[in-house]
Amino acid sequence: MLHEPATPAAKDPAGPYKMRLGILMFVLYSLFYAAFVAINLLSPPTMGTIVFAGLNLATVYGFTLIIVALLEALLYNAMCLKKEAEYAQADKAAGAGSASTKA
Amino acid sequence: MAIIVFLLFVVFVVGLSLYLGNKAKTASGYYAAGGKIHWGVNGIAFAGDYLSAASFLGICGLIATAGYDGFLYSIGYLAGWIVALFVVAEPLKRLGKYTFTDAVDANYNSRGIKLFAAISTLVVSICYLIPQMVGAGVLVEPLLGIPHAWGVVMVGAIVITIVATAGMASTTYVQFLKGGLLIIFSAILVGAVVLRGFTTQPDQGGTVPFYKYSELAAAKSGDSISVSDPAWRVVEQKTVKGAPVMVKLARDGKESWWSVADNAGVITLKENQSVVTRKDGPWINGAPASPTNQLRQVGNLEKIKGQSDVSTGSLPSPLEFLSVITDKDTAVRTWKTANFTDGNGDKVTAYYPDVVSGDRIMRPGLKFKVEGTPLERLDFLSLMLALFLGTAALPHILIRYYTVPNSASARKSTIVAIAAIGAFYILTLYMGLGAMTSGVINPADSNMSAPLLARSFGELLFAVISAIAFATILGTVSGLIVAASGAIAHDLFDRFFKIKMDDRQKVNAGKISAFVIGGIAIVLGILFKGINVTFLVGLAFAVAASANLPAILMLLFWKRTTAKGIAASIIVGIVSSLGLIAFSPELYTLYGLNPLDAPIPLNNPGIISIPLSFVTLIVVSLLTPKRALAMA
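If you read the protein sequences in the order shown, they are chains B and C. One rule links them: number in our numbering = place in the first sequence (from 1) + 10. One rule links them: number in our numbering = place in the second sequence (from 1) + 21.
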C-alpha cells in the first residue's frame with residue numbers, strides 16, 4: 011500500500027523556486043541564531059551591554075530573533091505567493107492559447 | 022470561583038469533542054480531520070499544540086527562578102519554527118498522509134522505516150507527554166486541592182475521552198480555542214503586571230503580608246560558627262557541596278536552618294525556609310506541616326535602582342519594566358535549594374536566599390554556565406542546537422500539516438503559528454520576571470509561577486489562567502496521543518504488520534491505542550513529579566531532533582539517501598539520545614545518585630546524538646544500494 015497524501019497534491023511548478031528560497035532564508039536565519047549563541051559562549055559579558063532604552067544586548071537580540079523570524083516568514087510567503095501567481099497566470103495563458111489554437 | 026470556571030471549561034471542551042465526534046468516522050477524519058481545516062484555524066491550533074505546559078508553566082517558572090536563562094528556551098523554541106517553515110512544511114504536506122512515518126517512507130515503502138519511524142514517534146511522544154502530565158498534576162493540586170497523582174489521572178481520563186471521541190478534528194478545535202485564549206489572557210496578565218509596577222515589599226495585592234527574612238550577625242572561629250545574639254543557640258552546622266554552610270539554630274525551643282554568608286570576612290546568617298522529613302511526618306520551617314504551615318511564597322526586589330523600601334507605581338511602558346530589572350543597581354532576592362541529611366539522620370531540603378544584581382538576572386549565566394568550563398559551555402550549545410532543530414521533528418506538530426487542504430495552506434498556517442507563538446514567547450519574559458519580583462513563587466516547585474502570579478491579581482484571573490493552563494495541557498496531550506496512536510494503529514498494525522482493517526476498524530484501533538498511550542502517560546506523569554517541565558521538554562526536543570530530523574532533511578535534499586540509511590539514522594538517533602540522557606548528571610540527581618558520578622558529563626545530548634544520526638544516515642546510505650519504490 012502506498013502512502014498517498016491525505017488530500018490530493020496538485021502539481022506545483024513553483025516548488026523548486028520555493029525550496030531554493032526557503033533554504034536561503036533558513037541559512038540566513040541560522041547564521042543570525044548562530045551569532046547569538048556564539049556571543050553567549052565566547053563573550054558572555056557582552057550580552058550585558060546596554061544597547062537601547064535601558065535594555066541590554068541579550069534582551070534586544072532575543073526579541074529581534076523572534077521578530078525577524080516573523081518578518082522573514084511574511085517575506086517568504088509574499089515571494090511564494092508572487093511566484094505561484096506568475097505560474098498560475100502563465101498556465102492560464104497557455105490554456106487560453108491552446109484553446110484558441112484548437113478553435 | 023476557580024473550581025467553577027475550571028469545571029465549566031472542562032465540560033465545554035469535552036462537549037465540543039463529543040459534538041465533533043461525527044467527523045471521525047473515517048481514518049482520514051480521525052487522523053487528519055479530513056484535511057479540511059482552514060489555515061488560519063490550523064495556525065492557531067499549531068500554537069495551541071506547541072504552547073504546552075512547558076511553555077506556559079515551565080518557561081515562566083524557569084525565568085522566575087533563573088532569569089534570562091529561562092527566556093533562552095523561548096528563543097530556541099521559536100527559532101525552531103524557521104526550520105519547519107522554510108524546509109519542512111510544504112514538502113512534508115506533499116509527501117505524507119496521516120503520520121510522520123508516511124512522510125519519511127513515501128519514496129521507499131520500506132518495512133524498516135515503518136517500524137523505526139513508528140517507534141520514534143512513540144518514544145518522542147512519550148518523552149513529550151511526561152512533562153505535560155507532570156504539569157497537569159502541579160496545576161490541579163492547588164486549584165482543586167487534590168493530590169498530584171489524582172490530577173494526573175484526571176487529565177489522562179479527560180484527554181483519552183477527547184481523543185477517543187473525535188481524534189484530530191476535536192483536538193484541532195480544542196487547540197485553536199486554547200491557543201487563542203492563552204495568548205489573550207497572558208497579554209492581560211502582562212498588562213496587569215506592568216501597570217502594578219515594582220515594589221520591594223510585594224504583598225500580592227494586600228492578600229499575603231510581605232515576610233521580611235531575618236539576618237543575624239555571627240562569627241567564625243576555624244570552621245565553627247557562633248551567633249552574636251545570645252537568644253540563639255547553634256545546634257549543628259553542615260557543609261553542603263555547591264551551597265553555603267548551613268547552620269541549625271534554636272530559639273525558644275524552635276529550630277530553624279540558616280545559611281552562612283561571608284562578605285569579606287563579615288559573617289552573617291541568613292534565614293532559610295526548610296522542609297525536614299522526620300519519622301512523624303514533614304516539618305516546615307521548624308513546625309509540623311499543616312494547611313496553615315506551608316512554605317512561604319518567595320521572590321522580591323531587594324533594591325530598585327539602588328533604593329530600598331520603595332515602589333515604582335505604574336510603569337510607563339513594557340520596555341521600562343525590563344529596563345528597571347536590567348539596571349545594575351537593582352537587586353533581586355532569588356532562592357536556591359540545598360539537600361542534605363541533618364544530625365538526626367532526617368533529610369533536609371533548605372531553601373536559601375541569594376541576592377543577585379539585575380544586570381546578572383537579565384543575561385545568560387545563572388542556570389547555563391556560559392562562563393563555566395568548556396564542557397558546561399558545550400552543554401549550552403547542545404541545548405540551543407536541539408531547540409532549534411527539534412521543532413520540525415516533533416510528530417504531533419508534523420501531523421498537523423495533514424489537516425489542511427494543500428501545501429500553500431501548510432505554509433500559511435506555519436506563519437500564523439510563528440506570529441502567535443512569537444508574541445506569546447515575548448510575554449513569557451514579562452510573566453516570569455513578574456513572578457520573580459512579586460513574591461508568588463513556590464520555592465519547592467517553580468512550575469506554578471505564572472498561575473500564582475495571576476492569583477496575586479485576584480481569584481478570577483487565577484481561575485481563568487489556571488483553566489487555560491489546564492486546557493493547554495489537555496490540548497497538547499491530545500495532539501501527542503493522536504500522534505502516538507497513529508504510530509501504533511496506522512504505522513505498525515496497518516502498514517508494518519499488514520493487518521487487514523476496514524476504515525472503521527482503523528479508527529477503533531486508533532482509539533484503543535489512545536487508551537493504552539494515555540495509561541502510560543498517567544503512570545509516567547506520577548513518577549516524574551517535581552522535575553521542571555521545560556527541562557523535560559528540552560530533552561524531548563533533543564530526542565526528536567536526533568531521531569527524526571536527519572531523516573526528514575536528507576530525504577528531501579540528498580538524492581543518495583536510502584531506506585536502510587533512514588532506518589539506521591532513526592534508531593541510532595533514538596538510542597544515542599536516550600542513552601546520553603539516561604546517564605546524564607540531571608538524571609543521576611533524579612535517581613538519587615551523585616550527579617558528579619554520571620558517566621556522561623552533558624545534560625543535553627543533541628550535540629553528540631544529532632551529528633551521529635546524520636553521519637549514520639550518510640554512511641549507511643553510501644554502503645547500501647538505492648532501490649526504486651516498489652509500486653504496490
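Ideal placement from N, C-alpha and C gives every residue a C-beta, glycine not left out.
As assigned by DSSP and simplified to three states, the class of residue i
i         : result
Ile-58/C  : coil
Lys-368/C : strand
Glu-14/B  : Interpretation of Glu-14/B is limited by its pLDDT of 48, a score under 50 that renders its predicted location unreliable; the figure taken from the coordinates is listed afterwards. It is coil, neither helix nor strand.
Ala-651/C : Here Ala-651/C scores only 45 on pLDDT, less than 50, and its place in the model should not be relied on; the value that follows carries that caveat. Residue state, collapsed to three classes: coil.
Val-655/C : There is no way to answer for residue 655/C, as the model of chain C reaches only from 22 to 653.
Phe-578/C : helix
Lys-300/C : coil
Thr-555/C : helix
Gln-99/B  : helix
Arg-354/C : strand
Phe-549/C : coil
Ile-256/C : Here residue 256/C turns out to be Val, not Ile, going by the sequence shown. Strand, per DSSP.
Phe-231/C : coil
Gly-320/C : strand
Asp-283/C : strand
Pro-620/C : coil
Val-461/C : strand
Exposed unless 16 or more other CB atoms sit within 10 angstroms - verdict on residue i
i         : result
Phe-197/C : buried
Val-376/C : exposed
Glu-162/C : buried
Ser-332/C : exposed
Leu-85/B  : exposed
Ala-653/C : Unreliable placement is indicated for Ala-653/C, whose pLDDT of 35 sits below 50; no coordinate value is reported for it.
Trp-102/C : buried
Lys-368/C : exposed
Trp-579/C : exposed
Ile-25/C  : exposed
Leu-12/B  : Since pLDDT at Leu-12/B reaches only 39, below the 50 mark, its modelled position is unreliable, and no value is offered.
Pro-26/B  : exposed
Asp-363/C : buried
Ser-630/C : buried
Asp-524/C : exposed
Phe-137/C : buried
Phe-121/C : buried
Val-176/C : buried
Arg-516/C : buried
Nearest candidate by alpha-carbon position, reference residue i, set the options
i         : options                                       : result
Val-268/C : Trp-279/C, Lys-275/C and Lys-262/C            : Trp-279/C
Arg-272/C : Lys-291/C, Pro-251/C and Val-261/C            : Pro-251/C
Ala-110/C : Tyr-98/C, Ala-124/C and Ala-510/C             : Ala-124/C
Tyr-71/B  : Leu-83/C, Ala-85/C and Gly-97/C               : Gly-97/C
Phe-46/B  : Ala-510/C, Ile-494/C, Leu-93/C and Phe-491/C  : Leu-93/C
Phe-342/C : Phe-77/C, Thr-458/C, Thr-583/C and Lys-527/C  : Thr-458/C
Cys-81/C  : Val-554/C, Asn-569/C, Ile-592/C and Val-593/C : Val-554/C
Ala-359/C : Ala-352/C, Thr-351/C and Thr-370/C            : Thr-370/C
Lys-660/C : Ile-486/C, Ile-621/C and Ile-509/C            : There is no way to answer for residue 660/C, as the model of chain C reaches only from 22 to 653.
Ala-352/C : Gly-366/C, Asp-330/C, Asn-365/C and Tyr-372/C : Asp-330/C
Val-214/C : Ser-642/C, Leu-450/C and Ala-530/C            : Leu-450/C
Gly-307/C : Lys-275/C, Val-636/C, Asp-301/C and Asp-283/C : Lys-275/C
Gly-393/C : Asn-50/B, Asp-22/B and Tyr-43/B               : Asn-50/B
Contact under 8 Å by Cβ, residue i with residue j
i         : j         : result
Met-154/C : Leu-557/C : no
Leu-655/C : Val-256/C : For residue 655/C there is no data in the structure shown, the boundaries of chain C being 22 and 653.
Leu-150/C : Leu-404/C : no
Trp-356/C : Pro-374/C : yes
Ile-447/C : Ala-79/B  : no
Val-35/C  : Thr-182/C : yes
Gly-600/C : Ser-567/C : no
Lys-259/C : Phe-401/C : no
Cys-90/B  : Arg-115/C : no
Leu-623/C : Ser-597/C : no
Phe-27/C  : Ala-488/C : yes
Ala-572/C : Ser-131/C : no
Tyr-39/B  : Glu-94/B  : no
Asp-380/C : Asn-66/B  : yes
Worksheet entry | the segment 368 to 388 of chain C: positions lying closer than 9 Å to chain D by Cβ | Going by chain labels, chain D is absent from the structure shown, which instead holds the protein chains B and C.
Worksheet item: Contact between the segment 57 to 74 of chain C and the segment 412 to 426 of chain C: three or more CB pairs below 8 Å?
Response: yes
Discussion item. Taking 8 Å as the cut-off, does the segment 220 to 228 of chain C touch the segment 335 to 344 of chain C (at least 3 CB pairs, one atom from each stretch)?
Written reply: no
Worksheet item: Do the segment 558 to 566 of chain C and the segment 523 to 540 of chain C make contact, defined as three or more Cβ pairs closer than 8 Å?
Response: no
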